[in-house]
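Chemist: Take the sequence shown: its position 111, counting from 1, is numbered 124 in my numbering, and each next residue is one higher. From the three backbone atoms N, C-alpha and C, an ideal C-beta is built for every residue, glycine too.
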Amino acid sequence: MRYEVFAGIGATNFLGELGGSDKVGSNFLSDLEISMTRPALTVGGRYWIKSRLIFLTSFTYGTLWGNDSRTNEIYRNERDLHFRSSIWEWQNRIELTLLAAKRTSRYNLKRVRGRKNGNKFSIDVYAGISTFYFNPKQKVDGRWYTLKTIGTEGQNFSETRKPYSRLQVGIPVGLEVKYLLNRKWSVGIDIGPRFTFTDYLDDVSTTYADVDKIIEYNKNIKASPEVIRKICAAILSDENSTNDSHAATYQQRGNALNNDIYMFFLITMNYKLRTARNGLPKLR
């Protein structure tokens, strides 16, 4: 049986500018904010190229969240931005089996039926390529605003800052452990980050732009200048003052040196399909 289909549920999270740990300069998992974890769904299929080499394709949906108010790190907390974004991923990857599951008869004798022993666990590592769509939004006064449209860092008028694409490519890498239930069914745990080539999953990357120009560009949308200032974090919250401070144009807003990462933790049910004589999966 060379074909397998699967479906699963799990969780997603992300590493970017918004939210994160309470320490300055934290990277990768040390900067992960667990409270921002959200549900994920996946479906897909596998094809065994060889006994230990597998091709997988899948579609996965999740939601990314980030919130500066969840961190005590002073610069992020003062910036006080938040976002959410649906993420739709199509993934293609190659899996390499490090440990293969194998069912044998109790005494390892041919043509002997009965209780099955043997290793029921398999361990695979993988790498591949993913195409994904995202659309960061921010909520102000009960309404969610699409951030790319507003151009929060001056992308709509600056010659040096072009609008980013919401359709991007990522590199998924990870580990999967599966437990064999019987000849056809297995349950798996899949853990894998996606390294992206964009720093705008949360719409924050570089420096503050001229907020008056951003307001002028967005005068046709149903948002007041005060709302635009909040969305761009042009007004910084200051717990030590009774008045809000204002961010200066070109003051640091994000960190463009590191691209954003999103990740999935998935639990899957896997079903192997019989193979017909022509090599295609047999559905009956």
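#1: Measuring straight from C-alpha to C-alpha, what distance separates L45 and Y230?
#2: Output the boundary residues of the beta strand (DSSP E) element that contains K197.
#3: How many Å lie between E172 and E166 at the Cα?
#4: Can you check which of these residues, A261, R242, R287, is closest to L94 by C-alpha distance?
#5: Sorted by chain position, which residues of the same chain lie with C-beta nearer than 7 Å to E252's C-beta, five sequence neighbours on each side aside?
#6: Between which two residues does the beta strand (DSSP E) harbouring K161 extend?
#7: How is R287 classed by DSSP in three states: helix, strand or coil?
#8: Please list the terminal residues of the continuous beta strand (DSSP E) segment that includes D225.
#9: Roughly how many whole angstroms lie between the Cα atoms of D212 and Y158?
#10: Report all residues from its chain with a CB closer than 7 Å to the CB of N256; omit the five preceding and five following residues, and keep chain order.
#11: Are there three or more Cβ pairs, one per stretch, closer than 8 Å when the region 185–194 is compared with the region 223–238?
#12: Can the beta-carbon of L9 be found less than 8 Å from the beta-carbon of S98?
#13: Contact check, T70 vs N105 under 8 Å by CB: the rounded distance?
Modeler: From the atom records:
#1: Position 32 of the sequence shown, counted from the start, is the residue given in the question as residue 45. Position 217 of the sequence shown, counted from the start, is the residue given in the question as residue 230. Cα to Cα, L45 sits roughly 35 Å from Y230.
#2: In the sequence shown, residue 197 corresponds to position 184, counting from 1. For K197, there is no enclosing beta strand (DSSP E), since its DSSP letter is neither H nor E.
#3: The count along the sequence shown starts at 1 and reaches residue 172 at position 159. The count along the sequence shown starts at 1 and reaches residue 166 at position 153. Rounded to the nearest whole angstrom, the CA to CA distance from E172 to E166 is 12 Å.
#4: What you label residue 94 is simply residue 81 of the sequence shown in a count that begins at 1. Answer by Cα proximity: R242.
#5: Within the sequence shown, numbered from 1, the residue matching residue 252 stands at position 239. Confidence at E252 is low in this model, with a pLDDT of 47, below 50, so the placement of that residue should be treated as unreliable; the coordinate-derived value is given next. Excluding its 5 nearest sequence neighbours in each direction, E252 has no C-beta neighbour in its own chain below 7 Å.
#6: Within the sequence shown, residue 161 is the residue found at index 148, counting from 1. No beta strand (DSSP E) holds K161; the alpha helix (DSSP H) holding it covers 160–163.
#7: Your numbering for residue 287 matches position 274 in the sequence shown. Strand, per DSSP.
#8: Reading the sequence shown from its first residue, position 212 is the one you call residue 225. Counting along the chain, D225 falls outside any beta strand (DSSP E), though it belongs to the alpha helix (DSSP H) covering 224–230.
#9: As a working mapping, residue 212 is identified with position 199 in the sequence shown. As a working mapping, residue 158 is identified with position 145 in the sequence shown. Put simply, the backbone Cα of D212 is about 19 Å away from that of Y158.
#10: Within the sequence shown, residue 256 is the residue found at index 243, counting from 1. Low local confidence applies: a pLDDT of 46 at N256 is under 50, so the model's placement there is unreliable, with the coordinate-based value given in what follows. Closer than 7 Å at Cβ, skipping near neighbours: no residue.
#11: no
#12: With the chain represented from 14 up to 297, any question about residue 9 goes unanswered, as that position is not in the structure.
#13: Counting from 1 along the sequence shown, the entry for residue 70 is found at position 57. Counting from 1 along the sequence shown, the entry for residue 105 is found at position 92. With 8 Å as the limit, T70 and N105 qualify as a contact, their Cβ atoms being about 5 Å apart.
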